[in-house]
Amino acid sequence: YQPRSFKLRSSSSRASRVDWWIIGLRWFVLLSVVPVLLLSPATPPTTEDNLPQTVLILVSIAAVFNLAAMVLLIFDVAARLLAPAGLIVDTIVTVALLVITGGASSPLFYYALFPILTAALRFDPIIDLITTAAISLAYLGMGGQWPALLVPIGTALVAGVLGTLIRKQTVE
């Protein structure tokens, strides 16, 4: 028996499947942050800095958001702002992680691919372009060199095409 107000979302919903994939991928990248930092020779934590605590706070914020997103999806609560909120949170967390873990030389540069992929899967190509541009400008502002941006930009282009094809299939 399921109460009427908390009906579980059908597993056949294509939008729901994309949401669940994004949530799963978010857990994966969040869980990868601490081991990557601990194993990276580029950012060894010292006793004077509070890098591990700051990183844990950022990861915790994103984890709480992800948990809330899961609850909203499980109970099919009207959450039309969930996708844009997720993209904003992911982009801010990405830039913040890059800033506090070494800027352009951060070992967490790969994390920038997550909001780019999310934007490509959930939104029109212009949003993917804006997200990629925002992350790229932040990276360049941290002293990064443009050749390093070829991977995120290439990812944005390929994922944008795939995202458009997936959205077209969903409509049909």
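Letter by letter, the sequence shown follows residues 34 to 205 in the numbering used here. For glycine and all other residues, C-beta sits at the position ideal for the given N, C-alpha and C.
Look at the alpha carbon of V104 and the alpha carbon of I55, and state the distance between them as a whole number of angstroms.
In the sequence shown, the residue the question calls residue 104 occupies position 71. In the sequence shown, the residue the question calls residue 55 occupies position 22. The straight-line gap from Cα to Cα measures roughly 14 angstroms.
Answer yes or no: do L141 and T134 have a C-beta to C-beta separation smaller than 8 angstroms?
Residue numbering aside, residue 141 sits at position 108 when the sequence shown is read from its first letter. Residue numbering aside, residue 134 sits at position 101 when the sequence shown is read from its first letter. In this structure, T134 lies closer than 8 angstroms to L141 by Cβ.
Beta-carbon separation of L131 and M175 under 8 angstroms?
Here residue 131 refers to the residue found at position 98 of the sequence shown. Here residue 175 refers to the residue found at position 142 of the sequence shown. Contact flag set, yes.
Measure the beta-carbon distance from L63 to A96 and round it to whole angstroms, keeping in mind my assumption that it falls under 8 angstroms.
Within the sequence shown, residue 63 is the residue found at index 30, counting from 1. Within the sequence shown, residue 96 is the residue found at index 63, counting from 1. Yes, L63 and A96 are in contact; Cβ-Cβ is about 6 angstroms, under 8 angstroms.
Which full runs of the alpha helix (DSSP H) of 4+ residues lie inside the stretch 73-128, going along the chain?
84-107
Run the CB neighbour count on F147, radius 10 Å, all protein chains shown included, and call it buried at 16 or more, exposed below.
Locating residue 147 in the sequence shown gives position 114, counting from the first residue. Buried, since its Cβ has 16 or more Cβ neighbours within 10 Å.
If you reduce the DSSP assignment to three classes, tell me which class G57 lands in.
Counting from one through the sequence shown, the residue named residue 57 turns up at place 24. Three-state DSSP puts G57 in a helix.
Tell me whether P74, by its Cβ, gets closer than 7 angstroms to a heavy atom of the ligand SAH.
What this structure holds is no ligand at all, so the ligand SAH is not there to describe.
Do you know offhand how far F108's Cα is from P74's?
Within the sequence shown, residue 108 is the residue found at index 75, counting from 1. Within the sequence shown, residue 74 is the residue found at index 41, counting from 1. Taking the straight line joining both Cα atoms gives about 43 angstroms.
Could you please give the first and the last residue of the uninterrupted alpha helix (DSSP H) stretch that includes Y172?
Your numbering for residue 172 matches position 139 in the sequence shown. Start and end: 158-174.
Is the Cβ-Cβ distance between S122 and F98 less than 8 angstroms?
Taking the sequence shown and counting its residues from 1, the one referred to as residue 122 is at position 89. Taking the sequence shown and counting its residues from 1, the one referred to as residue 98 is at position 65. Checking the sequence, you will find Val at residue 122 rather than Ser. It is a contact, given that the beta carbons lie within the stated cut-off.
Residues in its own chain within less than 7 angstroms of D52 by CB, not counting five upstream and five downstream?
To locate residue 52, count along the sequence shown from 1; it is residue 19. The answer, listed in chain order, is L106.
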